[in-house]
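A.B. asks: Under the numbering used here, the first residue of the sequence shown is numbered 1211, with each subsequent residue one higher.
Ideal Cβ placement from N, Cα and C applies to all residues, glycine included.
No experiment lies behind these values; they were computed from the predicted model shown.
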Amino acid sequence: MATVSVLKATYSDLKIDALPAPFGGMEPFVKKNEKVLLKVNLLSAKKGPEKAVTTHPEFVRAVVRAVRKAGGEPYIGDSPAGAFSKRHLTKAYERSGLMDMADEEGIPLNFNTASKKLDIPEGKRLQRSPICEFALRADTVIALPKLKTHSMQYLTLACKIMYGVVPGLTKAKYHAQFPRKVHFADMMLDILTIVKPRLYIMDGILAMQGQGPGSGDPVNLDLVLASTDPVAMDIAVCRILGIEPVGIPALKMAKVRGLWPERIDYPFQAPGGVAYRGFRLPNTADHLLTGKKPPRKSPVITDKCTACGECERICPKEAVKVDGSMAAVTYARCIRCFCCHEVCPEDAIVLRSVKFH
Ligand code: SF4
Ligand code: SF4
1211 MATVSVLKAT YSDLKIDALP APFGGMEPFV KKNEKVLLKV NLLSAKKGPE KAVTTHPEFV
1271 RAVVRAVRKA GGEPYIGDSP AGAFSKRHLT KAYERSGLMD MADEEGIPLN FNTASKKLDI
1331 PEGKRLQRSP ICEFALRADT VIALPKLKTH SMQYLTLACK IMYGVVPGLT KAKYHAQFPR
1391 KVHFADMMLD ILTIVKPRLY IMDGILAMQG QGPGSGDPVN LDLVLASTDP VAMDIAVCRI
1451 LGIEPVGIPA LKMAKVRGLW PERIDYPFQA PGGVAYRGFR LPNTADHLLT GKKPPRKSPV
1511 ITDKCTACGE CERICPKEAV KVDGSMAAVT YARCIRCFCC HEVCPEDAIV LRSVKFH
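(1) Please work out which residues of its chain come closer than 7 Å, Cβ to Cβ, to Lys1391, disregarding the five sequence neighbours upstream and downstream, and give them in chain order.
(2) Can you tell me where the beta strand (DSSP E) holding Gln1419 begins and where it ends?
(3) Where does Asn1493 sit, in a helix, a strand or coil, going by DSSP?
(4) Exposed or buried, which one is Ser1339 when buried takes at least 16 other CB atoms within 10 Å?
(5) I want to check one thing, is the minimum distance from the CB of Cys1342 to the heavy atoms of ligand 1 below 6 Å?
(6) Taking the straight line between their C-alpha atoms, what separation do you get for His1385 and Pro1290?
(7) Is Asp1400 closer than 7 Å to Ile1511 when the C-beta atoms are compared?
(8) If we ignore side chains and look at the alpha-carbon of each, how far apart do Tyr1541 and Gly1307 end up?
(9) At 3 residues or longer, what runs of the beta strand (DSSP E) sit wholly inside the stretch 1240–1307?
(10) Secondary structure at Ile1474, three-state DSSP: helix, strand or coil?
(11) Counting only the same chain and skipping the five closest in sequence on each side, list residues whose C-beta sits under 7 Å from that of Asn1322.
(12) Determine the contact status of Ile1352 and Ala1276, defining contact as a CB-CB distance below 7 Å.
(13) Please return the same chain residues whose Cβ sits closer than 7 Å to the Cβ of Cys1525, not counting the five positions on each side in sequence.
(14) For the stretch 1487–1500 and the stretch 1452–1472, state whether three or more C-beta atom pairs, one from each stretch, are separated by less than 8 Å.
(15) Ends of the beta strand (DSSP E) at Val1216?
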């Protein structure tokens, strides 16, 4: 049986101390003087915390304090989308508000961009992968996912958070290697077998609906969740939002792997007690609400494009190129991974049904 703590909260009343109480508090997860990686969701240097793209700095601050109280030595890390460089990380930390918070709390931010190739003994899709050193030097990992939508995987929650320990552009390369949603999701579950957080604490206070993970709309759900089981946590979120869990590729593949808990215990709020109806999924997931197979969506460049080239740099298939003052997509090459949509700093890419030859 799995346990998921669910509480109503706000950024000024975070309830981070109460959340792990059903597991015996923070102490079972953090030993004295242990280095504790707080794996945040940093996505990219696109937007500030009010846009719900990244784990909120006040949420991270509360976890930092709780970990220190338990005797641990926390540090913050993630490999955001795009190039994994010190310059890119600095921008992302600044934009997300984590830089200021880290200065105030005196907590280290990771700037080490080295990685190491590791075998994945339990891998079903990947037998070996580079993994960021910042994750490997931790004695323990606490994952802090943001509750968000995702245009390719529909939701990005606890099962997806550790994909951020794959360095920079290797993540885009895996999109080319695993273009099918379920295969990609299965590969993410492989990564989760080698860097396993002891605890997941989810920021669902200001969540993101619509065209996530970078261009959706903030929505106040006022929820925080904690669990040791990422599958149970993601099932709980689906139940709160009224979404059939097996429709989410990561949960579907978790079920195939026999990872679904037989029962979930909710010591505080049950999903029904905090149900939120009307949550908007990305338009690529219309079928989860209508039951009808939707027309295939493709990235379409709009006139907000400033020809910055970010989409071209991340595209794993060389399907989008800047041509003069705008980017242009060659649809015959496009695998609809939506990495371009994720990183576009201008929200200039929309996902639509496109007729092409
Ligand atoms: S579509 Fe976006 S990412 Fe691509 S060049 Fe234009 S502004 Fe940059
Ligand atoms: S154009 Fe965009 S959606 Fe298509 S393959 Fe490239 S990054 Fe992926």
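C.D. replies: In terms of the structure at hand:
(1) Met1362, Gln1363, Pro1459
(2) 1409–1419
(3) helix
(4) buried
(5) no
(6) Between the C-alpha atoms of His1385 and Pro1290 there is a straight-line separation of about 15 Å.
(7) no
(8) 37 Å
(9) 1245–1250, 1283–1287
(10) Ile1474: strand per DSSP, three-state reduction.
(11) Excluding residues within five positions, the ones whose Cβ falls inside 7 Å are Glu1343, Phe1344.
(12) no
(13) Cys1549, Cys1550
(14) In short, these stretches touch, since the Cβ pair count reaches three.
(15) 1212–1218
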